[in-house]
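For the sequence shown, this note's numbering puts the final residue at 141, and the numbers step up evenly by one.
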Amino acid sequence: MLEILNAITTGRREEKGSQALERFQGVMQLEQLGEVIRSTSLCGLGQTAPNPVLSTLRWFRDEYEAHVFDRKCKAGVCQSLLLYSIDPEKCRGCTLCAKKCPAGAILGTPKAPHHIVPERCVGCGTCREACPFAAITVE
Ligand code: SF4
Ligand code: SF4
3 MLEILNAITT GRREEKGSQA LERFQGVMQL EQLGEVIRST SLCGLGQTAP NPVLSTLRWF
63 RDEYEAHVFD RKCKAGVCQS LLLYSIDPEK CRGCTLCAKK CPAGAILGTP KAPHHIVPER
123 CVGCGTCREA CPFAAITVE
């Protein structure tokens with residue numbers, strides 16, 4: 003179950019439709035696994051262990067689907083699903099974000115708009131906190 007949850011909440015961008023389908027199949031397996039664990043465990047611990055997943059699947063299925071198909075985390079919790087970008091209209095090229103980025107994902111020259119390389123970004127949010135001009139957005 004953990005492996006499936008990890009597949010849903012990590013890795014993103016430039017993924018193909020078939021990979022989304024594989025993740026969707028994973029969600030269905032998650033449900034089946036949870037039911038099997040609940041109905042076949044001998045003790046109460048095993049019987050209740052899958053409840054968090056089963057209840058969130060029941061009440062927040064749209065969030066699972068957003069993770070699987072849109073590759074988005076509405077709650078803004080799954081770091082690797084967040085997409086950070088710099089608004090070139092607001093960026094003054096102060097270089098602060100590039101200096102603080104732990105992944106070296108921000109490129110640019112002083113006094114010119116900077117740019118985030120999505121493939122390198124780990125979604126830590128440090129740049130957004132550092133920018134004095136609120137030029138960095140996340141979705
Ligand atoms: S979110 Fe983190 S890793 Fe991504 S560009 Fe900003 S500082 Fe770098
Ligand atoms: S910290 Fe803000 S203003 Fe400075 S370079 Fe980065 S995005 Fe541009």
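Glycine included, each C-beta is placed from N, C-alpha and C at the ideal position. Keep in mind it's a predicted model, so treat the numbers as computed, not measured.
Cβ separation of residue i and residue j, assumed to be a contact under 8 Å, to the nearest whole Å
| i | j | result |
| --- | --- | --- |
| residue 39 | residue 48 | 6 Å |
| residue 95 | residue 113 | 4 Å |
| residue 110 | residue 117 | 6 Å |
Classification of residue i by the beta-carbon crowding that lies within 10 angstroms, buried from 16 upward
| i | result |
| --- | --- |
| residue 119 | exposed |
| residue 137 | buried |
| residue 79 | exposed |
| residue 13 | exposed |
| residue 73 | buried |
| residue 70 | buried |
| residue 25 | buried |
Span of the alpha helix (DSSP H), counted from its first residue to its last, around residue i
| i | result |
| --- | --- |
| residue 55 | 53-61 |
| residue 122 | Where residue 122 is concerned, there is no enclosing alpha helix (DSSP H), given that its DSSP letter is neither H nor E. |
| residue 12 | Residue 12 -> no alpha helix (DSSP H), and no H or E assigned at all. |
| residue 101 | 98-102 |
| residue 129 | 128-132 |
From the options, residue whose alpha carbon lies closest to that of residue i
| i | options | result |
| --- | --- | --- |
| residue 60 | 27, 32, 139, 84 | 32 |
| residue 88 | 6, 9, 30, 133 | 133 |
| residue 135 | 92, 109, 41 | 92 |
| residue 68 | 41, 102, 11, 103 | 11 |
| residue 4 | 103, 63, 54 | 54 |
| residue 63 | 9, 23, 50, 30 | 30 |
| residue 8 | 50, 81, 129 | 81 |
Proximity of residue i and residue j at Cβ, strictly below 7 Å
| i | j | result |
| --- | --- | --- |
| residue 100 | residue 122 | no |
| residue 125 | residue 98 | no |
| residue 56 | residue 36 | yes |
| residue 52 | residue 90 | no |
| residue 86 | residue 140 | yes |
N- and C-terminal bounds of the beta strand (DSSP E) containing residue i
| i | result |
| --- | --- |
| residue 139 | 138-140 |
| residue 87 | 86-88 |
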